[in-house]
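Mapping to UniProt numbering: the sequence shown position 520 is 520, numbers consecutive. We treat Cβ as the ideally placed atom computed from N, Cα and C, and that holds for glycine. Presented below is the structure to which this report refers.
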Amino acid sequence: MTFPLLPAYASVAEFDNSLSLVGKAVFPYAADQLHNLIKFTQSTELQVNVQVESSVTEDQFEELIDNLLKLYNNGINEVILDLDLAERVVQRMIPGARVIYRTLVDKVASLPANASIAVPFSSPLGDLKSFTNGGSRTVYAFSETAKLVDVTSTVASGIIPIIDARQLTTEYELSEDVKKFPVSEILLASLTTDRPDGLFTTLVADSSNYSLGLVYSSKKSIPEAIRTQTGVYQSRRHGLWYKGATSGRTQKLLGIELDCDGDCLKFVVEQTGVGFCHLERTSCFGQSKGLRAMEAPCGIVRAMLQKVLIPNGYLTTKFCLNAKIREEADELAEAKSKEDIAWECADLFYFALVRCAKYGVTLDEVERNLDMKSLKVTRRKGDAKPGYTKEQPKEESKPKEVPSEGRIELCKIDVSKASSQEIEDALRRPIQKTEQIMELVKPIVDNVRQNGDKALLELTAKFDGVALKTPVLEAPFPEELMQLPDNVKRAIDLSIDNVRKFHEAQLTETLQVETCPGVVCSRFARPIEKVGLYIPGGTAILPSTSLMLGVPAKVAGCKEIVFASPPKKDGTLTPEVIYVAHKVGAKCIVLAGGAQAVAAMAYGTETVPKCDKIFGPGNQFVTAAKMMVQNDTSALCSIDMPAGPSEVLVIADKYADPDFVASDLLLKLNMVLIPR
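As structure tokens, this is what we get:
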């Protein structure tokens with residue numbers, strides 16, 4: 001419940017700011033003052049109401065309807081109208097719930113049971129109380145000649161008085177010649193308590209309705225809080241407690257509300273200093289969560305704009321904000337599952353808050369704007385603006401080109417006709433000794449470790465035949481680098497969703513076993529903070545590997561995901577790999593392969609983040625490099641396993657499906673130059 005009082009003003013210009021803690025106000029309707037009224041409504045957190053006091057002719061009625069729509073759409077809460085006029089307005093499709101019917105007691109029975117009403121103070125008090133219908137209806141009482149005793153008794157019955165603001169004061173110690181009503185006495189008339197000490201439980205909250213702490217108020221502290229417009233409470237040991245009087249962590253009182261039973265108060269305050277709690281925290285109930293908790297980290301943008309030193313590692317300092325917002329909005333629009341929608345929505349909220357912080361917009365201001373929009377009664381169509389609905393012309397599908405060099409056939413060996421030497425040569429595995437591989441890999445790893453990006457660029461030019469300006473492709477990744485046909489995107493999205501479901505099912509809760517009294521053994525999992533994922537791309541391009549590595553990393557909750565894959569001759573990567581990196585939220589892609597990519601992720605370079613663990617398959621050089629960095633204790637880097645070159649043996653008889661056999665053979669053919 002709000003403060004049980006509705007101050008009435010003659011105009012916006014006469015608004016008394018000291019009464020703002022009441023939380024609402026009512027102004028007279030005047031067509032020529034519409035602009036000022038709307039401007040005031042949009043600049044305040046008050047519930048602004050309007051009352052139409054003069055009669056309206058038939059010619060003026062249409063103008064009134066148009067103006068009321070403007071007022072509603074710009075945040076006016078309710079409009080007080082005479083009964084006959086109110087019924088005509090409601091018939092014109094303006095919501096009846098936003099109309100207060102000004103009428104006499106004998107007319108109330110004809111109105112809807114939940115319709116708000118305003119009746120004269122002269123009405124019998126018993127009738128007024130019965131009109132509330134147990135709290136489902138708001139009842140106002142108005143009079144220009146009511147006495148304070150009439151006002152307080154009415155408030156005690158659950159009725160909200162409409163009082164001329166000039167008759168109200170925040171002071172409470174008044175001389176006899178001052179004929180004003182202390183708003184504190186009006187509030188106290190609505191309160192009850194069953195505590196022996198007569199105190200009122202008081203919840204202290206900020207303007208976002210976030211609870212700061214629990215205190216007590218009294219019939220002495222409440223008037224003093226209203227008079228000083230600050231947080232004043234009742235200490236059970238020390239009497240009146242002026243919050244922050246000694247610590248400097250004062251409170252500006254923004255509003256007072258009470259619960260439905262009238263035995264508990266809520267003080268809405270603006271807290272200064274480190275927070276409300278004596279433990280120097282914002283709240284006695286612990287740290288904030290959700291959107292509110294993001295406001296402080298997002299404020300780093302403001303510091304960045306002021307050229308203050310920014311700690312390393314904050315994502316907000318390393319991206320193009322506008323592009324990131326558009327990217328996250330697109331991803332949210334494409335998300336299908338409940339989990340993905342929540343994920344993408346959270347990302348969008350984060351970057352939206354960053355933009356708010358950049359321009360000094362608080363979450364309170366955003367919420368107030370939402371509240372104002374919720375009061376609208378007319379809205380534009382739900383379609384998007386033309387620039388967002390224009391269909392892109394579909395490209396004509398081109399027939400696949402037939403290879404000009406004839407058929408590609410595998411080497412066939414008929415064991416019934418081949419010599420024993422031919423069979424032996426075919427079965428011999430192309431093995432290189434581990435020592436030889438290590439000798440080749442060690443100089444590469446050492447070079448990258450000592451020279452960083454310089455060595456990485458030189459080795460990429462040497463082994464991949466491409467000269468790059470930078471060895472890293474940072475997120476957000478350019479849209480043009482992941483252009484894919486829609487069917488390919490759908491296939492990848494489906495695969496990502498399937499892999500995600502499987503790996504989410506493997507997430508286990510903490511296991512605890514009490515092996516003997518007082519001895520508890522536990523097993524729990526924690527995500528690795530920074531992971532490097534190697535995606536082969538030399539002989540064959542394997543976007544499936546990026547799926548099988550990237551999605552589990554995202555599910556596990558790894559904070560930083562780094563891809564590494566060798567570039568093509570033009571310096572680009574296959575768009576499938578970039579698209580998957582984009583979907584799993586990779587921080588960057590290292591444009592390198594082989595041992596040099598593994599070394600860069602293990603030790604870190606000027607642009608490549610150091611990773612805690614490296615995953616992914618590769619050739620014998622990649623495997624050797626992974627084993628080498630794992631054995632180097634100074635690297636502080638682990639690996640998944642020495643996943644060397646894959647092999648496959650397909651056994652088929654005359655009953656085998658030729659398509660299946662061909663698929664298995666082509667899988668191997670895609671990975672090696674001479675399949676065996």
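- With respect to the C-alpha of residue 521, the residue from 439, 590, 510 and 528 having the closest C-alpha is 510.
- Boundaries of the alpha helix (DSSP H) harbouring residue 374: 363 to 374, taken from the DSSP string.
- With a beta-carbon spacing of about 11 Å, residue 455 and residue 461 fall beyond the 8 Å limit used to define contacts.
- Here residue 272 is not near residue 236, since their CB atoms are 7 Å or more apart.
- If you draw a straight line from the Cα of residue 527 to the Cα of residue 557, it is about 6 Å long.
- Here residue 328 is buried: its Cβ has 16 or more other Cβ atoms, across all protein chains shown, within 10 Å.
- Rounded to the nearest whole angstrom, the C-alpha separation of residue 242 and residue 92 is 52 Å.
- Residue pairing from DSSP places residue 265 in a beta bridge opposite 202 and 258.
- Here the alpha carbons of residue 111 and residue 21 stand approximately 32 Å from one another.
- Here the alpha carbons of residue 85 and residue 54 stand approximately 11 Å from one another.
- Between residue 553 and residue 597, the beta carbon gap of about 17 Å keeps them out of contact (Cβ cut-off 8 Å).
- For residue 476 and residue 323, the gap between their C-alpha atoms comes out near 8 Å.
- Contact annotation: residue 199 and residue 172 have beta-carbon atoms that are not nearer than 7 Å.
- Closest by C-alpha distance to residue 437, out of 535, 523, 626 and 368, is 626.
- Per DSSP, residue 333 is one residue of the alpha helix (DSSP H) stretching across 321 to 334.
- It is roughly 40 Å from the alpha-carbon of residue 617 to the alpha-carbon of residue 291.
- Here the segment 579 to 599 makes contact with the segment 437 to 447; the two share three or more CB pairs at distances below 8 Å.
- Bounds of any alpha helix (DSSP H) do not take in residue 79; it lies within the beta strand (DSSP E) bounded by 79 to 82.
- Under the 8 Å Cβ criterion, the segment 190 to 198 does not count as touching the segment 206 to 213, having fewer than three qualifying pairs.
- Across the structure, residue 413 and residue 587 are spaced so that their CA atoms are roughly 48 Å apart.
- Annotation: the continuous beta strand (DSSP E) that includes residue 564 extends over 560 to 564.
- C-alpha of residue 285 to C-alpha of residue 643: approximately 50 Å in a straight line.
- The beta carbons of residue 472 and residue 590 sit closer together than 7 Å.
- Rounded to the nearest whole angstrom, the C-alpha separation of residue 463 and residue 602 is 20 Å.
- Taken atom to atom, the span from the alpha-carbon of residue 103 to that of residue 211 is near 40 Å.
- DSSP, reduced to helix, strand and coil, places residue 229 outside both helices and strands of the structure shown, so it counts as coil.
- Segment contact: the segment 626 to 635 against the segment 493 to 505, fewer than three CB-CB distances shorter than 8 Å; contact not assigned.
- Listed in chain order, the non-local C-beta contacts of residue 218 below 6 Å within the same chain comprise 199 and 234, local neighbours out to five positions each way being set aside.
- Considering only 352, 35 and 570, the residue with the shortest C-alpha distance to residue 469 is 570.
- Checking the DSSP bridge columns, you'll see residue 182 partnered with 169.
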